[in-house]
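S.K.: In our numbering, the protein residues as written are -19 to 143. All C-beta atoms, glycine included, are put in the ideal place defined by N, C-alpha and C. The following block contains the structure, expressed as structure tokens.
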């Protein structure tokens, strides 16, 4: 009789452990999918910048925090020829692909050539040869960004690379 109770206790503890793992798997899967989307969007924007010969000039093709992206053209399909129209269409795509990103396009996104990582002021952008891109999106609960140091409901992804 005691053996049955012990085995039942072991099974219950095992099932509770599986439930706990499953409850953690869902937010990790969502975070992974959102980060993957942010990586693809950042890569798309970086390729737009690299393909534009006018972005070779230091100081061009910048988007500071608080500044708006270019105005969206009337149609994004077929792909517009103008660089600003392409970036405007990219911003719409980013706003639709990441949760809450459309509200953060002005404040949580930036594109900056700076010599110092994270230095994205008007005076520093355009002073370096490396480009830094940041994208942001929102999550439902603080701490869902899977970053222990982030207690906010806004997740960010930054990429810094040479042209």
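Work out the CA separation of residue 5 and residue 89 for me, nearest whole Å.
M.R.: 28 Å
S.K.: Considering only their Cβ atoms, is the gap separating residue 116 from residue 87 smaller than 9 Å?
M.R.: Yes, the Cβ-Cβ distance between residue 87 and residue 116 is below 9 Å.
S.K.: Report the rounded CA-to-CA distance for residue 51 versus residue 61, giving the unit in angstroms.
M.R.: 14 Å
S.K.: Rounded C-beta distance between residue 26 and residue 141? I'm assuming under 8 Å.
M.R.: That belief holds up - the Cβ atoms of residue 26 and residue 141 are roughly 7 Å apart, short of 8 Å.
S.K.: Are three or more beta carbon pairs between the segment 70 to 86 and the segment 11 to 18 nearer than 8 Å?
M.R.: yes
S.K.: Report buried or exposed for residue -3, applying the criterion of at least 16 other Cβ atoms within 10 angstroms of its Cβ.
M.R.: exposed
S.K.: For the alpha helix (DSSP H) that residue 17 lies in, which residues bound it at each end?
M.R.: -18 to 31
S.K.: Helix or strand or just coil, what does DSSP make of residue 69?
M.R.: helix
S.K.: What does the alpha-carbon distance come out to for the pair residue 100 and residue 46?
M.R.: Between residue 100 and residue 46, the C-alpha separation is close to 11 Å.
S.K.: Any idea which residues DSSP pairs residue 140 with across the strands?
M.R.: 112
S.K.: If we count the other Cβ atoms within 10 Å of its Cβ and call it buried at 16 or more, is residue 68 buried or exposed?
M.R.: buried
S.K.: For the putative contact between residue 121 and residue 134, defined by C-beta atoms under 8 Å, what is the C-beta separation to the nearest angstrom?
M.R.: Incorrect: roughly 12 Å between the Cβ atoms, too far for contact.
S.K.: Buried or exposed, going by whether 16 or more other CB atoms sit within 10 Å of the CB of residue -17?
M.R.: exposed
S.K.: Mapping DSSP to helix, strand and coil, what is residue 105?
M.R.: coil
S.K.: Short of 8 Å in beta carbon distance, which residues of its chain neighbour residue 85, apart from the five on each side in sequence? Order them along the chain.
M.R.: 48, 49, 71, 74, 75
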